[in-house]
Amino acid sequence: MSEVLAPGLTRLADGPLAFGGVGLEELAEAYGTPLVAFDGALFDGRVAAFRTAFGPQTDISYAAKAFLCVAMARRVAALGLSLDVCSLGELRTAQAADFPPERLRYHGCGKGDDELEAALRGGVGRIIIDNLEELERLESIAAHLERTATVILRVNTGIEAHTHEMIRTAGENSKFGMLPEVAFAAARRVAASPHMRIAGLHSHIGSQIYEPRFLADAVEPLFELAASLSGVEIAVAEMIAGGGFAVRYRPEDPPAPAPEAIAQRLLAAMRLGAERAGVPLPRLGIEPGRALAAEAGLSLYRVMSVKDHATCRFAIVDGSMADNPRPALYGSYHHVVRADGPSTAVARATTICGRSCEADEMMTVPLPEDLHGGDLLAVCTTGAYTYSMASNYNRFAKPAVVLAADGAHTLWVRRERDSETLRFDVDT
């Protein structure tokens, strides 16, 4: 039986590592490096785990910001999920994949009129409203188009997730959502408009949440608001408990909460909240992105050189913060393994650095003493917020993205050509 080293990684009979049943060297030779690879079975398995845990009564909407391309949108559609988008680019990607528009959810705290119009013309199922000014503009556009906008109101409940400050999305210092009293006024405006209807309430408290109780706590203020709205005959049919479920990045970290544990806590909070508020039980919505995609993806880099300095060893790879900015932004860590057969060499602390003109140290990890230029490294758990946050810093071209499944591989996103980094330049 193959040795499982990290999610999706196995060893082939002759020793080297494989992902999705495909040798890592085979992927690197076929598509070059840097390269992002997704294991289709891993992604599908994560979706199935959440669907089983939460049941058919819960709307599961994949957060496109974690990673999106046309092929991924098609996969999400085929799995029966909804899709959260937050820009015209993400909307156009979903439309190019023929994603069912009624299962689209349009997010964002600063939607332009062009976005609101595109959402209405495209038949987007839910538009999540962040503020009163946005609501006013939506009503005006809907009236002009003679359409009815179905809205969900984003509420800043004041509940903060105990997570990195850069990925908190609620609380006194968060830009997102409306205070409950503002959301109450917004709901009354929607109810009075012939061009809008209210579907429900939304809260999002942050990402990488290890404690399901924080998500459950955030539901309570939503039910308090639902009770107030019920008093003026406004029903809340849907309630989205937004927040990113944690993913395990370090092998030594505690396991992330299982979908069953999250579902048990959230569904119980929903039942209790509805009972206390004296309102019908709304349909629960969740928005996993990282929890579905992160472990299903990894990045491949070729070591360009290894060098020793006075107190540390550096391995320079052919990627950079341009294709994975997470370590630079958040101090994020990824488990790293060499792709060849098991090594008998002593492991040594090695700082992996990108090749950009920046101090883009990715992370320090134990790697074999005999590591050298030309070796292939697998950086694990990069399926979320790596490619989607990639840039052309230093005018590096963006990597390719491939699907590995059942021993075969398929190109999802081709590698950007160096010449394409100039495609928007105007020769004056």
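For what it's worth, this note's numbering labels the leading residue of the sequence shown as 2, then goes sequentially.
In this text, a Cβ means the ideal position worked out from N, Cα and C, and glycines have one as well.
In this text the structure is predicted, and so the values were computed from the model without any measurement.
Mind checking who VAL337 pairs with in its DSSP beta bridge?
DSSP lists VAL380 as the bridge partner or partners of VAL337.
Kindly confirm or deny that the region 15-33 and the region 335-344 touch, where touching means at least three C-beta pairs closer than 8 angstroms.
With a cut-off of 8 angstroms, the region 335-344 and the region 15-33 count as touching, because enough Cβ pairs lie within range.
Output yes or no for whether 7 angstroms exceeds the beta carbon distance between ILE160 and ILE129.
No. Outside cutoff.
Continuous alpha helix (DSSP H) stretch holding PRO281: start and end:
Bounds of any alpha helix (DSSP H) do not take in PRO281, whose DSSP letter is neither H nor E.
Do ALA323 and PHE397 have their C-beta atoms closer together than 7 angstroms?
Yes.
Starting from GLU362 and walking both ways along the beta strand (DSSP E), at which residues does that stretch end?
Taken as a continuous stretch (DSSP letters only), the beta strand (DSSP E) holding GLU362 covers 362-369.
Report yes or no: do the region 404-414 and the region 346-354 share at least 3 C-beta pairs separated by less than 8 angstroms?
The answer is no - the region 346-354 does not touch the region 404-414, with fewer than three Cβ pairs under 8 angstroms.
Look up PHE246 in the DSSP assignment and say whether it is helix, strand or coil.
Judged by DSSP in its simplified three-state form, PHE246 adopts strand.
Comparing C-alpha positions only, which one of HIS335, ALA193, GLY286, ALA238 sits nearest to GLU253?
Comparing Cα positions, the closest option is HIS335.
Same chain, Cβ closer than 6 angstroms to PHE224, five either side skipped, listed in chain order
Excluding the 5 residues flanking it on each side, PHE224 has same chain C-beta neighbours closer than 6 angstroms at GLY274, ALA278, in chain order.
Of the choices GLY124, TYR107, SER88, ALA95, whose alpha-carbon is the least far from that of GLU147?
Among GLY124, TYR107, SER88, ALA95, the Cα nearest to that of GLU147 is on GLY124.
Looking only at its chain, what residues have a beta carbon closer than 7 angstroms to the beta carbon of PRO369, apart from the 5 residues adjacent to it on each side?
Same-chain partners within the cutoff: ARG339, SER344, ALA346, ALA348.
So if DSSP puts THR94 in a beta bridge, which residue, or which two residues, is it bridged to?
Looking at the DSSP assignment, THR94 forms no beta bridge with any residue, so it has no partner.
Going by the beta-carbon positions, is the gap between THR11 and TYR302 smaller than 7 angstroms?
Taking a C-beta distance under 7 angstroms as the contact criterion, THR11 and TYR302 do not qualify as a contact pair.
On the DSSP bridge assignment, give the partners of MET197 in chain order.
MET197 pairs with ALA150.
Look at the alpha carbon of PRO255 and the alpha carbon of TYR211, and state the distance between them as a whole number of angstroms.
In this structure, the alpha-carbon of PRO255 lies about 9 angstroms from that of TYR211.
Put TYR211 into one of helix, strand or coil per three-state DSSP.
Under the three-state reduction of DSSP, TYR211 is assigned to coil, being neither helix nor strand.
ALA29 to LEU36 span [Cα, whole Å]
In this structure, the alpha-carbon of ALA29 lies about 7 angstroms from that of LEU36.
Do ASN395 and SER357 have their beta-carbon atoms positioned less than 7 angstroms apart in this structure?
At the C-beta level, SER357 and ASN395 come within 7 angstroms of one another.
Beta bridge counterpart(s) of ILE353 as assigned by DSSP:
Bridge partners of ILE353: ALA316, MET364.
Which residue comes first and which comes last in the beta strand (DSSP E) that contains MET305?
Its beta strand (DSSP E) spans residues 298-309.
Can you confirm whether the region 180-190 touches the region 220-235 when touching is taken to mean that 3 or more C-beta pairs between the two stretches lie within less than 8 angstroms?
Under the three-pair Cβ rule at 8 angstroms, the region 220-235 counts as touching the region 180-190.
Given a cut-off of 7 angstroms, decide if ARG155 and HIS203 are closer than it, judged by their beta-carbon atoms.
Judged by beta-carbon spacing, ARG155 lies within the 7 angstroms limit of HIS203, meaning their Cβ atoms are closer than that value.
Would you mind sorting GLU166 into buried or exposed? The rule is 16 or more other CB atoms within 10 Å of its CB.
In this prediction, GLU166 scores a pLDDT of 47, lower than 50, which makes its location untrustworthy; the coordinate-derived value is nonetheless stated afterwards. By the neighbour-count criterion, in which 16 or more other beta carbons inside 10 Å mark a residue as buried, GLU166 falls on the exposed side.
Only counting runs of 3 or more residues, tell me where the beta strand (DSSP E) segments fall wholly within the region 53-138, in order along the chain.
Runs of the beta strand (DSSP E) inside the region 53-138: 60-64, 83-86, 105-107, 127-130.
Using the rule of at least 16 other Cβ atoms within 10 Å of the residue's Cβ for burial, across every protein chain shown, is ARG104 buried or exposed?
Residue burial is scored here from C-beta neighbours: ARG104 has at least 16 other C-beta atoms within 10 angstroms and is therefore classed as buried.
Range covered by the alpha helix (DSSP H) that runs through LEU25
If you look at LEU25, you'll find it in the alpha helix (DSSP H) that goes 25-32.
Answer with buried or exposed for GLN209, where buried requires no fewer than 16 other C-beta atoms within 10 angstroms of its C-beta.
Looking at its Cβ environment, which holds 16 or more other Cβ atoms inside 10 Å, GLN209 is buried.
Any idea which residues DSSP pairs ILE241 with across the strands?
Secondary-structure assignment with DSSP links ILE241 through a beta bridge to HIS203, GLY286.
Using a 10 Å radius around the Cβ and a threshold of 16 neighbouring Cβ atoms, would you call THR312 buried or exposed?
Burial call: exposed.
Could you compute how far the alpha carbon of MET305 sits from the alpha carbon of TYR32?
Between MET305 and TYR32, the C-alpha separation is close to 17 angstroms.
Residues of its chain near LEU80, where Cβ-Cβ distance is below 6 angstroms and the 5 sequence neighbours each way are ignored
Result list for LEU80: VAL48, in chain order.
Pull up the distance between the alpha-carbon of THR170 and that of ALA217, whole angstroms please.
Model confidence at THR170 stands at a pLDDT of 44, short of 50, so the residue's coordinates are unreliable and nothing is read from them.
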